[in-house]
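In the working numbering, the protein residues as written are 365 to 798.
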Amino acid sequence: MEDTIYAPSSAIGGAIAIIRVSGAEADKVKLLLDRDPTQTPREMVHARLSLSGELIDDCMAVYFSAPRSYTGEDMIELNVHGGTQTVQRVLGALATLGFRPADCGEFTKRAFLNGKMDLSAAEAVMDVINADAEQSLKSALAQLQGSVKREITSVETLLLDALSGIDAAIDYPDEAEADTLEALPESLTSAIARVDAMIAKARRGRVLRDGLRVAIVGRPNVGKSSLMNAMLGSDRAIVTAIAGTTRDIIDEKISLDGVPVRLIDTAGIREANDEAEQIGVNRARDAMTGADVVCLVLDASVPLTEQDEALLQETQGGTRIVVLNKSDLAQASGYAGEAIRVSAKSGEGLDALQNAILALAAPERADGTTITNERHIRALELALAALRDAETADELDCAATDVKNALHHLGSITGTDVDASVIDRIFERFCVGK
Ligand code: GDP
C-alpha cells in the first residue's frame with residue numbers, strides 16, 4: 365500500500381494555506397477535526413483542528429473518496445490560516461498520524477499512476493503553473509485537457525491498423541497480399557504525414573512554452589538598453605528576469621500581445637575597448653544564434669559608422685528588423701533601407717516595432733493542438749524515424765518491428781509505454797504540493 369502523504373499546496377505567505385493529504389489513511393485526519401459529523405464527500409465544512417486537546421487552527425475541511433479525487437486516492441484538503449506558525453503546526457499534527465511529507469509532484473504522479481490523467485496532461489500541470497503569457501497558458505490548458513493524448517491516439521490508431529495489415533500479410537502471405545500492398549502503405553503514409561505535421565507545428569509552437577527569442581543588437585550607445593527598458597515598460601508586464609552567469613541581466617521575458625517573448629540585450633555584455641568593431645560583430649553573432657528575430661538598432665541622429673555597416677552586413681536576412689532609434693532627434697544617419705523608426709526616449713514607434721516583431725516571427729497561436737513539450741517533440745522525432753524505416757523495410761517482419769518501435773515512442777508521450785525512471789525525472793521537476 366502506498367504511504368499517505370501530505371504537503372502544503374499553496375505558496376507561503378498568503379492569508380490561507382491549502383494543505384493536502386492523499387492516501388489510503390487520509391481519513392485519519394478526521395480524528396484531529398471537530399466538525400459536523402454529517403459532512404459528505406466534497407462538502408467543505410468549518411472545523412477545529414486540535415492535537416491532544418490543544419487547538420491548532422480554526423479551518424475549513426473537505427474530503428474526497430477514492431477514486432473521485434485528484435490523485436484517485438482518498439484525499440483531504442484543509443484550508444488553514446496562512447502563517448508559517450500555523451502551517452508548521454498543522455504539518456506537525458499530520459506527521460503524528462504516520463503520514464509522510466509528499467515528494468515534488470507526488471500528487472500529480474499518483475494521479476497519473478492511478479489513471480486520472482495521461483502523462484502528457486500531467487506534464488502540462490507544471491506548464492499551466494509556469495505559463496507567463498496568455499498564449500502559453502491557453503496551450504498548456506489545452507494539453508491539460510488531453511489535447512496531446514488525442515493527437516497521439518489518432519496516430520496510434522493508424523499504426524495499429526497498419527500493423528494488423530502487416531501481421532495478416534505475414535500470417536497469410538497469399539490471401540493478404542493484395543490487402544497489404546494497398547491498405548498498408550496508406551495507413552503508414554497517413555501516419556507519417558501526421559507525425560511530420562505535428563513535429564513541424566511543434567517546432568513553431570515551442571515559443572508558446574519557451575518564448576520567442578528576440579535579440580537586440582547594435583554598436584554601443586545606439587540605445588539598446590534604453591529600447592529594452594522601454595519595451596519592458598509599465599504597460600508590458602515583466603515576467604521573469606533570467607540572470608546571466610557572469611554579467612548583469614541580459615535576458616528578460618515579456619508578453620507581447622499574449623505571446624511570451626525573451627528579449628536578449630547584448631548591451632549587458634561587458635565592453636572590451638580594443639577591437640570594438642569585431643567584438644560588436646561577435647556579440648551580435650552570439651545573440652543571433654537561435655534568435656527568432658534580430659533587432660538591429662541604429663542611432664538615427666548620427667551618420668552610420670563602420671561598425672553599423674558591419675552589423676548591417678552581418679545581420680542581413682529574413683529574421684532581421686532594422687530599428688532606427690532616437691527618432692526624436694534631428695535625423696542624420698543617412699540610412700535609406702526599410703526600418704522601424706522609434707524613440708526609446710519618448711516611446712514613439714514601439715507599437716509598430718512590436719507589430720513588426722510579431723509579424724516577422726508569426727508565432728504559433730495556441731489552437732489547442734500544438735505540442736510544445738521538448739520531451740514530446742523528441743519522442744515524435746524518434747517515432748518518425750522508426751516509421752520512415754518501416755516504409756523502406758525490405759521484410760515485412762522488419763516493418764512490423766519498426767511500427768512497434770514507433771508505437772513505443774508514441775506511448776512514451778502519453779505514458780502508456782514509459783520507463784519508471786522517465787516518470788521519476790518528470791515529476792522531480794514539479795513543485796512540492798502539486
Ligand atoms: P546602448 O549602449 O546601445 O545600450 O545605449 P543606451 O541605451 O545606453 O543609450 C545611449 C545613450 O543614448 C543614452 O544617453 C540614452 O539616454 C540615449 N538614448 C537612447 N535612446 C534614445 C532616444 O530614443 N532618444 C534620445 N534622444 N536619446 C536616446
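Quick reminder that beta carbons are idealized off the backbone N, C-alpha and C, glycines included.
Keep in mind it's a predicted model, so treat the numbers as computed, not measured.
| query | result |
| --- | --- |
| Between GLU470, GLU418 and VAL409, which has its C-alpha nearest GLU441's C-alpha? | VAL409 |
| Going along the chain, which residues put their C-beta within less than 6 Å of some heavy atom in ligand 1? | GLY582, PRO584, ASN585, VAL586, GLY587, LYS588, SER589, SER590, ALA631, ASN689, LYS690, ASP692, LEU693, SER707, ALA708 and LYS709 |
| With a threshold of 16 other CB atoms inside 10 Å of the CB of PRO405, please say whether the residue is buried or exposed. | exposed |
| State the DSSP-derived secondary structure class of THR609, mapped to helix, strand or coil. | Low confidence applies here, because THR609 scores a pLDDT of 30, under 50, leaving its location unreliable; read the following figure in that light. Three-state DSSP puts THR609 in coil, outside helix and strand. |
| Looking only at its own chain, which residues have a Cβ that is under 6 Å from the Cβ of GLY446, when we skip the five neighbours before and after it? | GLY378, ALA379, ILE380 and ALA381 |
| Rounded to whole angstroms, what's the CA-CA distance from GLU673 to GLY797? Just pull it up for me. | 54 Å |
| Look at SER386 and GLU437 and say whether their C-beta atoms are less than 8 Å apart. | yes |
| Which residues share a DSSP beta bridge with PHE428? | MET439 |
| Please go through the region 730-756 and give each complete alpha helix (DSSP H) segment of 4 or more residues, from N-terminal end onward. | 738-756 |
| On a CA-only basis, which of ALA763, VAL782 and SER785 is nearest LEU523? Give me that one, please. | ALA763 |
| CB-CB under 7 Å to ALA696, same chain, minus the five flanking residues each way: which ones, in chain order? | SER665, VAL666 and PRO667 |
| Pick out whichever of CYS468, ARG573 and ALA532 has its Cα sitting closest to the Cα of LEU505. | ARG573 |
| Buried or exposed: GLN499, going by 16 or more other Cβ atoms within 10 Å of its Cβ? | buried |
| Only counting the same chain, and skipping five residues up and downstream in sequence, which positions put a Cβ closer than 7 Å to that of SER414? | LEU396, ASP398 and ILE420 |
| Taking just the CA atoms, how far does GLU550 sit from LYS480? | 34 Å |
| Taking the C-alpha atoms as reference points, what is the distance between ASP560 and TYR536? | 32 Å |
| Check whether the region 737-744 and the region 613-625 touch, using three or more Cβ-Cβ pairs below 8 Å as the test. | no |
| Got a sec? Which residues, its chain only, sit under 8 Å from LEU527 by beta carbon, not counting five neighbours each side? | ALA764, VAL767, LYS768 and LEU771 |
| Helix, strand or coil for LEU545, going by three-state DSSP, please let me know. | Because the pLDDT at LEU545 is just 49, under 50, the model does not fix this residue reliably, and the point stays unresolved. |
| Tell me, to the nearest whole angstrom, how far the beta carbon of ILE704 is from that of LEU693; I am working on the premise that it is less than 8 Å. | Not quite, the Cβ-Cβ distance comes to about 16 Å (not below 8 Å), so this is no contact. |
| Thinking C-alpha only, which one of VAL687, THR448, ASN737 and ILE628 is nearest ASP656? | ILE628 |
| Roughly how many whole angstroms lie between the Cα atoms of CYS432 and GLU407? | In the sequence on display, residue 432 carries Arg and not Cys. Their Cα atoms are separated by approximately 13 Å. |
| Looking only at its own chain, which residues have a Cβ that is under 6 Å from the Cβ of ALA542, when we skip the five neighbours before and after it? | Residue confidence for ALA542 is low, a pLDDT of 47 falling below 50, so the modelled location carries little weight; the figure read from the coordinates is stated next. Counting only Cβ-Cβ distances below 6 Å, and skipping sequence neighbours, we find nothing. |
| Does the structure place the region 553-568 close enough to the region 482-490 that three or more beta carbon pairs sit under 8 Å? | no |
| Tell me the DSSP bridge mates of SER619? | PRO624 |
| Which residue comes first and which comes last in the alpha helix (DSSP H) that contains CYS659? | CYS659 -> not in any alpha helix (DSSP H); beta strand (DSSP E) instead, spanning 657-663. |
| First and last residue of the beta strand (DSSP E) that includes ASN769? | Taken as a continuous stretch (DSSP letters only), ASN769 belongs to no beta strand (DSSP E), being part of the alpha helix (DSSP H) at 760-778. |
| Please classify ARG583 as buried or exposed, where buried requires at least 16 other C-beta atoms within 10 Å of its C-beta. | buried |
| Considering only the alpha carbon of each residue, which of GLN449, ALA532, ASP400 and ARG514 lies closest to MET562? | ARG514 |
| How would you write the range of the alpha helix (DSSP H) that ILE530 sits in, first residue to last? | 511-535 |
| Looking only at DSSP bridge pairs, what is TYR699 linked to? | The partner list for TYR699 (beta bridge, DSSP) is empty, contrary to what the question assumes. |
| Per DSSP, what kind of secondary structure is GLU418 in: helix, strand or coil? | strand |
| Where does the unbroken beta strand (DSSP E) through VAL385 begin, and where does it stop? | 380-386 |
| Please say whether ALA375 and PRO465 have beta carbons closer to each other than 8 Å? | no |
| My assumption, with CB atoms under 8 Å, is that LYS473 sits in contact with ILE735. Please give the rounded CB distance. | About 21 Å separates the two Cβ atoms, so there is no contact after all. |
| Within 10 angstroms of its Cβ, does PRO401 collect 16 or more other Cβ (buried), or is it exposed? | exposed |
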